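Counting in our numbering, the sequence shown runs from 5 upward without gaps. Note sheet for the following structure.
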Amino acid sequence: QVQLVESGGGLVQAGGSLRLSCAASGLTFSGYAMGWFRQAPGKEREFVGRIRRTSDLTYYADSVKGRFTISRDSGKNTVYLQMNDLKPEDTAVYYCAAQKYAGEYDYWGQGTQVTVSS
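Written out as structure tokens, the structure reads:
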């Protein structure tokens, strides 16, 4: 079955950096665009960014543009979220998701907690 497993979350001070990883299995990785989302306590899940399936074309939410970078390694079936200059408002559970066609995301990971202290 399809599995998306996030890792790399943790506690970091404001201004610091973290790199999240999302390892995919059970699917043809090159056939899916990959997205990152986050959900803070008491808030709805929000889009963070996305990388297209066969190119390095990326899209980001305005709130993270210039600070976060998404990349993918097809040899490792892994997508990354490099987060720099972290702010307390970036505190959330971060999820990766796989999307075969435009619209809904087909598969979701279990999430990894990121906490940024001020």
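All C-beta atoms in this analysis are idealised placements derived from N, C-alpha and C, irrespective of residue type, glycine included. Just so it is clear, the structure is predicted and the values come from calculations on it, not from any experiment.
- Note that the C-beta distance between Tyr36 and Gln103 is below 7 Å.
- Between Gly13 and Tyr98, the alpha-carbon positions lie close to 8 Å from each other.
- Taking all protein chains in view, the Cβ of Arg54 is crowded by 16 or more other Cβ atoms within 10 Å, so the residue is classified as buried.
- Within the DSSP secondary-structure output, Gln117 pairs in a beta bridge with Val97.
- Annotated three-state conformation of Gly53 is strand, per DSSP.
- Under the three-state reduction of DSSP output, Ser67 falls in the coil class, being neither helix nor strand.
- Under DSSP, Leu22 forms a beta bridge with Met87.
- Of the candidates Ala28, Leu15, Arg23, Arg49, Ala28 places its Cα closest to the Cα of Gln7.
- Taking 7 Å as the cut-off, the beta carbon of Ser121 is found closer than this to the beta carbon of Gln17.
- Scanning its chain for C-beta atoms nearer than 8 Å, with the 5 sequence neighbours on each side dropped, one finds around Lys80 the residues Ala27, in chain order.
- For Ala37, the enclosing beta strand (DSSP E) begins and ends at 37-43.
- The C-alpha of Asp77 lies about 6 Å from the C-alpha of Val83.
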